[in-house]
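First comes the structure, then the notes that go with it.
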Amino acid sequence: MSVSAATTRALEIRTDLLTRVAQAHDASHYLLRPEAVARAQDVPDVVAAFAEARRRGLSVTFRSGGTSLSGQASGAGLLVDTRTRFTRVEVLDDGARVRCQPGVTLRSVNGRLLRHGRRLGPDPASEIACTIGGVVANNSSGMACGTVDTAYRTIESMTLVLPSGTVLDTGAPDADERLRALEPALHRGLAALRDRVRASASMRATIAHQYSMKNTMGYGVNAFVDHDSPVKILEHLVVGSEGTLAFVADVTFRTVPLLPAASTTLLVFDALEHATDALATITASGARAIELLDAASLRVAAADPLADASMRAFATATTQTALLVEYQATTADGLEPFEEAARRVIGDLDLATPADLTRDPAARGRLWRVRKGLYTAVAGARAPGSTALLEDLVVPVPDLTATVGDLGGLFVQHGYDDAVTFGHAKDGNLHFMITPRLSDDGELDRFAAFTEDMVSLVLDRGGSLKAEHGTGRIMAPFVRRQFGDDLYAVMREVKALCDPTGLLNPGVLLTDDDEAHLAHLKLVPPVGKPAAGDLAEVVDRCVECGYCEPACPSRTVTTTPRQRIALLREMVTAPPAELAELERAYEYSAVDTCAVDSLCVTACPVGIDTGKVMKVRRAQRHGAVVQRAGRAAADHWGGTVTGLRGALGVVDHLPTPLVTAASKVGRAVLGADVVPLVGSDLPGPGPRRVASVGAGADASVVFFQSCMGSLFSPAEASPSPGGVGPAFLALCERAGITVAIPEGIAGLCCGTPWVSKGLTDGAAAMAERTFDALWAATDGGRLPVVSDASSCTHGLEGIGSHLTGEAHERFERLRVLDAVTFVRSDVLPALEASGRSPRAVGSTLGSLVLHPTCSSIHLGVVGDLEAVARAVADDVVLPLDAGCCGFAGDRGMLHPELTAAATRAEATELTAHARDHGPADAYASSNRTCEMGLSRATGQDYVHVVELLEAATRP
195 MSVSAATTRA
205 LEIRTDLLTR
215 VAQAHDASHY
225 LLRPEAVARA
235 QDVPDVVAAF
245 AEARRRGLSV
255 TFRSGGTSLS
265 GQASGAGLLV
275 DTRTRFTRVE
285 VLDDGARVRC
295 QPGVTLRSVN
305 GRLLRHGRRL
315 GPDPASEIAC
325 TIGGVVANNS
335 SGMACGTVDT
345 AYRTIESMTL
355 VLPSGTVLDT
365 GAPDADERLR
375 ALEPALHRGL
385 AALRDRVRAS
395 ASMRATIAHQ
405 YSMKNTMGYG
415 VNAFVDHDSP
425 VKILEHLVVG
435 SEGTLAFVAD
445 VTFRTVPLLP
455 AASTTLLVFD
465 ALEHATDALA
475 TITASGARAI
485 ELLDAASLRV
495 AAADPLADAS
505 MRAFATATTQ
515 TALLVEYQAT
525 TADGLEPFEE
535 AARRVIGDLD
545 LATPADLTRD
555 PAARGRLWRV
565 RKGLYTAVAG
575 ARAPGSTALL
585 EDLVVPVPDL
595 TATVGDLGGL
605 FVQHGYDDAV
615 TFGHAKDGNL
625 HFMITPRLSD
635 DGELDRFAAF
645 TEDMVSLVLD
655 RGGSLKAEHG
665 TGRIMAPFVR
675 RQFGDDLYAV
685 MREVKALCDP
695 TGLLNPGVLL
705 TDDDEAHLAH
715 LKLVPPVGKP
725 AAGDLAEVVD
735 RCVECGYCEP
745 ACPSRTVTTT
755 PRQRIALLRE
765 MVTAPPAELA
775 ELERAYEYSA
785 VDTCAVDSLC
795 VTACPVGIDT
805 GKVMKVRRAQ
815 RHGAVVQRAG
825 RAAADHWGGT
835 VTGLRGALGV
845 VDHLPTPLVT
855 AASKVGRAVL
865 GADVVPLVGS
875 DLPGPGPRRV
885 ASVGAGADAS
895 VVFFQSCMGS
905 LFSPAEASPS
915 PGGVGPAFLA
925 LCERAGITVA
935 IPEGIAGLCC
945 GTPWVSKGLT
955 DGAAAMAERT
965 FDALWAATDG
975 GRLPVVSDAS
985 SCTHGLEGIG
995 SHLTGEAHER
1005 FERLRVLDAV
1015 TFVRSDVLPA
1025 LEASGRSPRA
1035 VGSTLGSLVL
1045 HPTCSSIHLG
1055 VVGDLEAVAR
1065 AVADDVVLPL
1075 DAGCCGFAGD
1085 RGMLHPELTA
1095 AATRAEATEL
1105 TAHARDHGPA
1115 DAYASSNRTC
1125 EMGLSRATGQ
1135 DYVHVVELLE
1145 AATRP
């Protein structure tokens, strides 16, 4: 990895090929490769980036979440990463306001507001990954916020960095005077434009109409009508300016009440006009969200097995249209008046199928799946090499019926037979999705013709070509047509006043090129089996939305799942010299530093597990010799563990500097992905696994003790000297539960070490042996299997994929449980019944910090983990920034930079919590290696939560 010597302060500028190629990709269908990528940590870094870009003759584009769909986050100059470090959040006035930096996700901010019963006004569907920078830059809205709770309407103030380097806090009492003093031409120019707009009846009328709807086309010239002082006009012009006027270093929002009580219904009508005719009545009844789904959408939903069963009836829908309606309130009692009004409305409607309201979370989830599953279904089923293009528009609500019908006609006319239309009906805001193959010249011509016809359709009906997604590059050529010459001239002058040299994001929002929307298009070639093995077709589904990135532990140190896939695509068409460089860099930046924790699949809308893809890559680079070695280790696992324990025992008695130096030499000679970096925090060997407890035929559960508890000793702070295994057995004994141990446990393993390293032969061998032992120990699946490490539980659940024939079929009969699940369901009730629970004996801790592991998330046992923790402690803290620790078995020892990056945010949060509330009484998780990684990151000894429960119930 090359790092340019051109640095100012902490500004890091990278020019290596892999970084530039990876960072070029965002969620849009545009692709511009930057000349350099800068990682800004603070405002002085941004000022320095402006200066460096000018010195190099480059433009500047800001990149945070990269979830924007219209091309506004891509640039060919200096791309400035503002996601990594600009992540501070400060809750103000008990949640009434919040100050946040541009790199923090919307979900993270709302998580901090949750305890105050508040949230941000904008509610875009991408809230899991979109950041505050994008929320401001695009004037985000969403399903429920309408035109009232948008970013524009809820902004209180912001800190701006202008292209000149001027830094301005618009919330300061003297902000307008400072703007006049520091930027006199800008202050004077904005005042003049304000007066010009207000003096023009035609411009005022256009603004009144345009902003009566959701509207993210062009600059927000309504600021000239809504605000008087130049500084407030500037502040609101920056909202929705897509990084073309200034950098937003932080922003303060007024928040809105959280409405957790909800009631939902799906109303299906025989015809589109019947649905749209009902909008006014439904809106008047107090509905917060009204989502329209056309007949094509209903056909797609009918094929979704996770959608509500009632959707099966619409597999052949031709004219039916549905409205998904939700009512929200702060309390259940507050919801009742809305439900009463809704039932009166529903009773008067002529519906194709009966409908009623439901508060049941599961039922509501199935109904919302109808709407939210559309993107997944259409994008996931598109042909390889095609683009999932999601667009939006808005028209006055009275024109909605005709617009939907005419839009459907355009789909037929231009051959987009798989298109679906849906949207926020009460706002007249429609979304549609098509899947063109932009690499084909004929299809590109078809797309251009469709776009022209769609633009005419929307503008002829008095609508806006963009309601939520921003102008970007795709609609920049049409801004003049929508607003007219006078207001377009105003927008041009705004750009010239704020950015006279055109430094920021050229080609975005405004352009003189009538065909700019057809340039710099991203092509998505199939990656092929050589790149991803049997998972190639799954990889080809990727839409590069970036939803996976916030969960990725390597996101701030090397690459993300989106980037790993984007690089695979780039390597398909790369010229030979670039291909060689990318392949070399890919091994470390993508393959070696992937924690293969697979949290990415939990966020991916099309179900891609990039961790599995990286396991395939690891397997592909292993030759026969390595695979045989992996098989040998599996065949002699008991001896291997004994040898490793012995080595750890020797290391534990040697001076740390000597061991560290020796490991560094080994890493230099054999490679960093082979030899671990040994430091003072490496534990000594743990106790041998318990081989038998003499339960025999009386056993009611089979205990599969993890290898990790044998390899690594418990933390120094552990209240259970033997670690979690003996602690679990002691708890079962106190609860009157008899336990069996599989025969030959010393040589058994869940298989995760082989699977994660791509050692397929060893994984299969270990799966067969472990299954045989479990089948016998469980009496053919009669008894449940419990493991004391969540990653091992997850691994045991997956061994069936390595089995064949009868063993594969039998595996389905095994019940594998994590220790926290079994303790919650069986042990705790028995302890409570006997009066031996921690609360009964008064032995609870005051406070406990809890870390849910990746495996506990995959297993769906976070609730069980938390329940056990709450049985042990009065106050349980789950960090909002908790994520994969990146230790990943041995990754944290092979690549300590991965764990350091993955845990930085959580460690920072816990430091602040300890400062404000004092250190917790204990720190816990459910996996030994994760506990090691977190201990390293936080300086606190993490232990298994079961160890704490054992100590709290000890006689």
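Going by our numbering, the sequence shown opens with residue 195, and the numbers climb by one from there.
Here a beta-carbon is modelled for each residue, glycine too, at the ideal position from N, C-alpha and C.
Strand pairing of residue i, partner residues [DSSP]
i       : result
Ala523  : Ala455
Ile207  : Ala232
Gly617  : Leu486 and Leu624
Met352  : Val445
Val980  : Phe897 and Leu1011
Leu1042 : Val1070 and Ala1116
Thr1147 : Paired residues: none, contrary to the question.
Glu284  : Arg293
Arg257  : Asp275
Inter-residue spacing [alpha-carbon to alpha-carbon] between residue i and residue j
i       : j       : result
His1052 : Phe1016 : 17 Å
His223  : Val702  : 14 Å
Phe508  : Arg1085 : 49 Å
Asp791  : Cys944  : 15 Å
Asp611  : Thr645  : 16 Å
Leu453  : Ala841  : 57 Å
Asp593  : Arg655  : 7 Å
Leu252  : Ser1049 : 44 Å
Leu362  : Phe244  : 16 Å
Val329  : Pro1149 : 56 Å
Val800  : Ala929  : 44 Å
Val1010 : Leu876  : 30 Å
Glu662  : Ala573  : 20 Å
Val820  : Asn333  : 53 Å
Leu1088 : Gly952  : 16 Å
DSSP-derived helix/strand/coil call for residue i
i       : result
Ala322  : Before going on, a small fix: residue 322 reads as Ile here, not Ala. Coil at Ile322, not helix or strand.
Tyr224  : strand
Arg291  : strand
Gly919  : helix
Thr299  : strand
Arg1030 : coil
Val853  : For Val853, the pLDDT reaches just 48, beneath the cut-off of 50, and the residue's location in the model is therefore unreliable, leaving the point undetermined.
Leu876  : coil
Tyr1136 : strand
Thr752  : coil
Glu646  : helix
Gly1054 : coil
Arg313  : strand
Thr1097 : helix
Glu777  : helix
Classification of residue i by the beta-carbon crowding that lies within 10 angstroms, buried from 16 upward
i       : result
Asp680  : exposed
Gly664  : buried
Asp1150 : Residue 1150 falls outside the range modelled here, since the chain spans only 195 to 1149, and no answer is possible.
Gly321  : In the sequence as presented, Gly is not what sits at residue 321; that position holds Glu. Buried.
Val606  : exposed
Pro531  : exposed
Gly260  : buried
Ala959  : buried
Val853  : The predicted position of Val853 is uncertain, since its pLDDT is 48 and thus under 50; no value can be drawn from it.
Ser874  : exposed
Arg1007 : exposed
Val342  : exposed
(request) Please determine if the region 367-375 and the region 470-483 are in contact, where contact requires at least 3 C-beta pairs separated by less than 8 Å. (result) In short, these stretches do not touch, since the Cβ pair count stays below three.
(message) I want to know whether the region 750-764 touches the region 774-783 - three or more CB-CB distances under 8 Å.
(response) yes
(request) Count the C-beta pairs between the region 437-445 and the region 353-360 that are closer than 8 Å, then say yes if the count reaches three, no if not. (result) yes
(message) Closer than 8 Å is the cut-off here; do at least three beta carbon pairs connect the region 283-303 with the region 677-691?
(response) no
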